[in-house]
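Residue numbers (the numbering used here): 169 to 614.
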């Protein structure tokens, strides 16, 4: 961490210790007091999720918002008043907000490189937390955040919202039931056609002034550099702050693969790609592909994204007796199940659309007769519902710290493989990413 950021955090430590001494555990009937750290685009989505959750659990307040940039926090406060009827308190610095003894929980919607350290700061202050993904994009930060959460009594929900989607849960149930037989591969293709995360004439880039924020604090341990509004808002395309596709989309993809397979972290990953469609200021690839193996599950997992063509999104889960297929992109709730007849030796097998057994059937929830749409909104009410319920019950949420650590490690492996041009391995005993296959480990998957 650079000297300025370290000094800022140490200066706030007394405030955090005071906050911890006054922290309380949320009770079943308590009115939960929630704050936001980071007030950009994703934080606006968090407020929408809370607004929807208020339809079934209105017993909470959006008490405060915090952002380094003055305009962002004022916009967020105005939006919160519009949605919830009262204007929250505003803060520039997280330690000031966390010193509020009346605050119960925090939603983190900052830059990718800031998530882990702020998560650690939040739980050490005795607050529950909803933390956007990726949980971390360095292994050091991933371990720091996990250690802080496990040492606390706080309920932490990662922003991997699809883990709360009932259709994704139904898919996992089908896999667990053995309907697919032995699962052998998972393939995901999630695409987009456009210069994702780069806006040539971004109003925010034009509006911000260094005096209205704290650039040194925003860097939070990354190398010092002159104030750069484009990096500030488009951090996803700059490699010191994000992996881009890996941090933003692959984190969802590998998180779902872990979820479907009841496992954590691939044993190895190899990645490729490049900047093939949008030769602008970006440093991270606009086209990316990685392949991983889960050795204990004996499953091959591959993921691909291009920002140069949006045709043909899908997820396919293949087993020896059946296939699950989704014709949509990230988080699509529409799934189809087809049986898989054994191929005849030496024959050219043709899919038999007339066979009732082979014809794909929609995956439906109880009481439903039609499949859902291919797409659904990122702002999934079920995920904030789960977080609110778990804060009251003190139970483990769907997107626990273990899921966050697992997707973070997978993301870091994929990013490093692409950047270093080599296959990366996860050493489960040492909990390190290594360049050669580790000694065989028979301990439980972490």
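Ideal Cβ positions, reconstructed from N, Cα and C, are used throughout, including at glycine.
Check                                                                                                                            : Outcome
Beta-carbon proximity check, residue 483 vs residue 472, cutoff 9 angstroms                                                      : no
Whole-angstrom C-beta distance between residue 505 and residue 540, which should lie under 8 angstroms                           : Their Cβ separation, rounded to whole angstroms, is 14 angstroms, which puts residue 540 and residue 505 out of contact at 8 angstroms.
Close Cβ partners of residue 171 (< 7 angstroms) along its chain, the five nearest in sequence each way excluded                 : Low local confidence applies: a pLDDT of 40 at residue 171 is under 50, so the model's placement there is unreliable, with the coordinate-based value given in what follows. Cβ neighbours of residue 171 beyond the five flanking positions: none.
Cβ separation of residue 486 and residue 352, assumed to be a contact under 8 angstroms, to the nearest whole Å                  : 6 angstroms
Straight-line gap, residue 318 to residue 288 (C-alpha atoms, nearest Å)                                                         : 10 angstroms
Residue 397 versus 564, 386, 283, 391, residue with shortest Cα-Cα distance                                                      : 386
Three CB pairs or more closer than 8 angstroms across the segment 246 to 263 and the segment 540 to 549                          : no
Euclidean distance between Cα positions of residue 265 and residue 234                                                           : 7 angstroms
Minimum length 3: unbroken beta strand (DSSP E) runs contained in the segment 244 to 303                                         : 257 to 259, 273 to 276, 296 to 299
Residue 268 to residue 292 span [Cα, whole Å]                                                                                    : 13 angstroms
DSSP state of residue 587 mapped onto helix, strand, coil                                                                        : helix
Collapsed DSSP secondary structure at residue 308 in the structure displayed                                                     : helix
In chain order, each alpha helix (DSSP H) run of at least 4 residues that lies wholly inside the segment 323 to 403              : 334 to 345, 371 to 375, 383 to 387, 397 to 401
At least three beta-carbon pairs within less than 8 angstroms, the segment 302 to 313 to the segment 561 to 568                  : no
Residue 502, DSSP secondary structure in three states                                                                            : coil
Validate contact between the segment 345 to 361 and the segment 205 to 212 using beta carbons, cut 8 angstroms, 3 pairs          : no
Cβ distance (whole Å) where residue 455 is taken to contact residue 592 below 8 angstroms                                        : Their Cβ separation, rounded to whole angstroms, is 20 angstroms, which puts residue 455 and residue 592 out of contact at 8 angstroms.
Residue 460 - containing alpha helix (DSSP H), residue span                                                                      : Residue 460 -> not in any alpha helix (DSSP H); beta strand (DSSP E) instead, spanning 455 to 462.
Sequence-distant residues of its chain with Cβ nearer than 6 angstroms to residue 630 (five each side left out)                  : Residue 630 lies beyond the stretch modelled for the chain, which goes from 169 to 614, so this question has no answer here.
Whether residue 413 touches residue 363 by CB criterion (9 angstroms)                                                            : no
Cα-Cα separation between residue 281 and residue 406, rounded to whole angstroms                                                 : 11 angstroms
Residue from 198, 202, 221, 205 whose Cα sits closest to the Cα of residue 550                                                   : 221
Beta carbon of residue 404 nearer than 9 angstroms to that of residue 415                                                        : yes
Inter-residue spacing [alpha-carbon to alpha-carbon] between residue 569 and residue 468                                         : 25 angstroms
Cutoff 7 angstroms; reference residue 435; Cβ partners in own chain excluding five residues on either side                       : 461, 462, 463, 593, 594
Member of 492, 558, 582, 567 whose CA lies at the smallest distance from the CA of residue 531                                   : 492
Nonlocal neighbours in the same chain, by C-beta distance under 8 angstroms from residue 344, ignoring five residues either side : 430
Collapsed DSSP secondary structure at residue 405 in the structure displayed                                                     : helix
Classification of residue 169 by the beta-carbon crowding that lies within 10 angstroms, buried from 16 upward                   : Note that residue 169 scores a pLDDT of 44, beneath 50, so its modelled location is shaky; the value from the coordinates is reported in the next line. Exposed, by the Cβ-count rule.
Inter-residue Cα distance where the pair is residue 424 and residue 331                                                          : 7 angstroms
Opening and closing residue of the beta strand (DSSP E) in which residue 491 lies                                                : 490 to 494
Limits of the alpha helix (DSSP H) - the one that residue 440 falls within                                                       : That residue, residue 440, is in no alpha helix (DSSP H); its beta strand (DSSP E) goes 436 to 442.
Delimiting residues of the beta strand (DSSP E) encompassing residue 231                                                         : 228 to 234
Residue span of the beta strand (DSSP E) that contains residue 487, given as start and end                                       : 482 to 487
Beta-carbon proximity of residue 243 to residue 202, cut-off 9 angstroms                                                         : no
Beta-carbon proximity of residue 444 to residue 476, cut-off 9 angstroms                                                         : yes
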